[in-house]
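I have placed the structure first, in the form of structure tokens, so that the comments after it can refer back to it.
Number of protein chains: 2
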Amino acid sequence: MTMPSHPAPRRGVERRGLRDHVYELILELLLSGEVEPGARLAIDTIARQLDVSPTPVREALVHLERTGLVTREALKGYRVAPPLGSEELAELFEARLVLETAAARLATPAGPDLVAQLGEAQQRHREAGERVVEALDAGRVDLALTTEYFAADTDFHAVVFRACGNRYLVGMSESLGAQLHRMRQSALRGVTDVHEAVAEHAAVADAFRGLGELTPEQAMERHIVGVRTRSLAQAGRG
Amino acid sequence: MTMPSHPAPRRGVERRGLRDHVYELILELLLSGEVEPGARLAIDTIARQLDVSPTPVREALVHLERTGLVTREALKGYRVAPPLGSEELAELFEARLVLETAAARLATPAGPDLVAQLGEAQQRHREAGERVVEALDAGRVDLALTTEYFAADTDFHAVVFRACGNRYLVGMSESLGAQLHRMRQSALRGVTDVHEAVAEHAAVADAFRGLGELTPEQAMERHIVGVRTRSLAQAGRG
DNA sequence: ACTGCGGCGATCCTATAGGAAAGTGGATCG
DNA sequence: CGATCCACTTTCCTATAGGATCGCCGCAGT
């Protein structure tokens, strides 16, 4: 039953840092929402599916364990993390409020680069939002468009974080970003606050340009609070 | 040269969750400062030293990689993370200021439990500080006392974080804690601000009790700013 | 009929072996 | 004498095999 004949010509992945590649694949699998929370993540199974040995899979899972996307029970294996409860949701928004306002405050005053990048990110977010609304008016919920919209939103906030010049805050933001993405999976049936979100992003961008009466921190605070309010309201209706 | 006769009676560790045990051992090794930054962390060398196979060592290193305590270069191996530069130091204090003030704000108003725990933590910190000063006056720098003092300080802040009721902020604090510990290793030659730190902790505790004119957030802000100022001044003198 | 228990399958966990890439030293040629 | 090339060593990286553990199903006993 030993078949050592195969020299394993690496057909699944092309010989470029296996562990990181496996990590990205599993991460993509998790973020795509194709696996339900609580589902088992068998090491050997994944290894066979990706045509690699269990070792890099194991390392990738260890990596993912620290992100909170998967949970590990000793001698029982890995599982997809359970969905966020109401308490975790509230804490997530609270933490995000702290980080985002701090990043906006530290990125003030904005230089020309930040203004430019913010404008581009805002425009992409607005256009993606228009396409989502357009599809929504046509009666269909396009998953690809929704994903693109969320990505544009994430990019907008990432611009602010990069501009704040603090690598630790950036890291924390990315750490929360995974949880945020997980939350969005739960309420992916449709985006209902495109108009408000786009308007609030515009307010943030304007504040960074020196327009309006609000500081960037205040504008960002209103945005995050608005997102929280609308999300909780939608969750309550669901 | 192969000695497979031994059934490997697990002499180094006693058969209880190898990977986590290895992780704690390496973490302790790193935090103890016995290894210099930039030093190589050879996988099989560590495996032989701990009398385990390379696999759990590898997993522990992956775990540590996400904490920022070790760095990995593809196909080159792991190394102890280089010491924090001045920019990283400034960003670390900035991030800590954000987190600590937010935690203090969220923990306000304080319940009886928080007041009690804070009082105990403050007392331990003060006593540890007194012992450090006492030893310092005697002309010796006791490493154990200094470590205990730092641990008491960390505990004091951990009380506030646990009381803020936000698991994500707690996680971020712990993440920064590793970097903070690393920074303290660099300036471990002596603690010079015991008096100020104890006084500021007392001010924070008093603010949580409703005494004084400052809010807990303001008191915590003054404390962190004070720590930053004194640390940078000491680094400048060094 | 219900509960305790022992075998069985699946999976995780650890160990060992072999192939590949990077660093190092010496030898050779200009 | 210096630079370059080559071979060697070390180490990482991946693959495979074996031991240990957990959950489950059937069975006996009360």
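Residue numbers (the numbering used here), protein chains in the order written: chain A, 1 to 238; chain B, 1001 to 1238. All C-beta atoms in this analysis are idealised placements derived from N, C-alpha and C, irrespective of residue type, glycine included. All values reported here derive from a predicted model rather than from experimental measurement.
Three-way DSSP call (helix, strand, coil) for residue i in this model
i: A/G139; result: coil
i: A/T147; result: helix
i: A/L99; result: helix
i: B/L1084; result: coil
i: A/P7; result: Note that A/P7 has pLDDT 36, beneath the 50 cutoff, so the model's placement of it is unreliable and the number below is only indicative. Of the three classes helix, strand and coil, the one that applies to A/P7 here is coil, per DSSP.
i: A/E14; result: Summary for A/E14: the model assigns pLDDT 36, below 50, so the residue's position carries little reliability; its value from the coordinates is reported in the next sentence. Looking at A/E14 - three-state DSSP - the assignment turns out to be coil, as it is neither helix nor strand.
i: A/M1; result: Only weak support exists for where A/M1 lies, its pLDDT of 33 falling under 50; the coordinates are left without a value.
For residue j and residue i, the rounded distance between their alpha carbons
i: B/V1115; j: B/F1156; result: 12 angstroms
i: A/G111; j: B/T1229; result: 27 angstroms
i: A/P37; j: A/Q234; result: 21 angstroms
i: A/A202; j: A/Q122; result: 7 angstroms
i: A/E94; j: B/A1039; result: 40 angstroms
i: A/E88; j: A/H125; result: 27 angstroms
i: B/L1025; j: B/T1045; result: 14 angstroms
i: A/Y149; j: B/P1109; result: 39 angstroms
i: A/R66; j: A/Y23; result: 12 angstroms
i: B/L1211; j: A/C164; result: 35 angstroms
i: A/A47; j: A/S53; result: 6 angstroms
i: B/L1097; j: A/L106; result: 12 angstroms
i: B/E1200; j: B/A1151; result: 17 angstroms
i: B/H1063; j: A/L61; result: 10 angstroms
i: B/Q1179; j: A/H21; result: 28 angstroms
i: B/R1162; j: B/L1118; result: 11 angstroms
i: B/R1058; j: B/A1081; result: 16 angstroms
i: B/Q1049; j: B/H1181; result: 25 angstroms
i: A/V159; j: A/D113; result: 10 angstroms
i: A/A205; j: A/P216; result: 8 angstroms
i: B/R1209; j: A/M183; result: 37 angstroms
i: B/Y1078; j: B/L1030; result: 13 angstroms
i: A/D193; j: A/G226; result: 10 angstroms
Under 7 angstroms from the C-beta of residue i: neighbouring residues of chain B
i: A/H201; result: None at all; the shortest Cβ gap to chain B is about 22 angstroms.
i: A/R58; result: E1059
i: A/A95; result: N1166, Y1168, L1169
i: A/L176; result: Y1168
Host alpha helix (DSSP H) of residue i (start-end)
i: B/G1171; result: 1167-1186
i: A/V70; result: Taken as a continuous stretch (DSSP letters only), A/V70 belongs to no alpha helix (DSSP H), being part of the beta strand (DSSP E) at 70-73.
i: A/P54; result: 54-65
i: A/L30; result: 18-31
i: B/L1214; result: Element bounds for B/L1214: n/a, residue is neither H nor E.
i: A/V198; result: 194-209
i: B/T1045; result: 1043-1050
Run of the beta strand (DSSP E) containing residue i, from where it starts to where it stops
i: B/V1080; result: 1077-1080
Contacts that residue i makes with chain A (C-beta to C-beta distance below 9 angstroms)
i: B/H1063; result: V62, H63, E65, R66
i: B/T1215; result: What B/T1215 touches in chain A: nothing, since even the nearest Cβ is about 16 angstroms away.
i: B/T1071; result: What B/T1071 touches in chain A: nothing, since even the nearest Cβ is about 14 angstroms away.
i: B/T1055; result: T55, R58
i: B/E1091; result: G165, N166, R167, Y168, L169
Partners in chain A for residue i, counting only beta-carbon separations shorter than 7 angstroms
i: B/M1172; result: M172
i: B/A1102; result: V98
Partners in chain B for residue i, counting only beta-carbon separations shorter than 9 angstroms
i: A/L106; result: E1094, V1098
Query raised in the report: Using 8 angstroms as the Cβ pair cut-off and three pairs as the minimum, do the segment 126-137 of chain A and the segment 1120-1137 of chain B touch?
Result: no
Report task. For the segment 97-106 of chain A and the segment 211-228 of chain A, state whether three or more C-beta atom pairs, one from each stretch, are separated by less than 8 angstroms. Result -> yes
Query raised in the report: Touch check for the segment 1166-1179 of chain B and the segment 164-175 of chain A: three-plus C-beta pairs under 8 angstroms?
Result: yes
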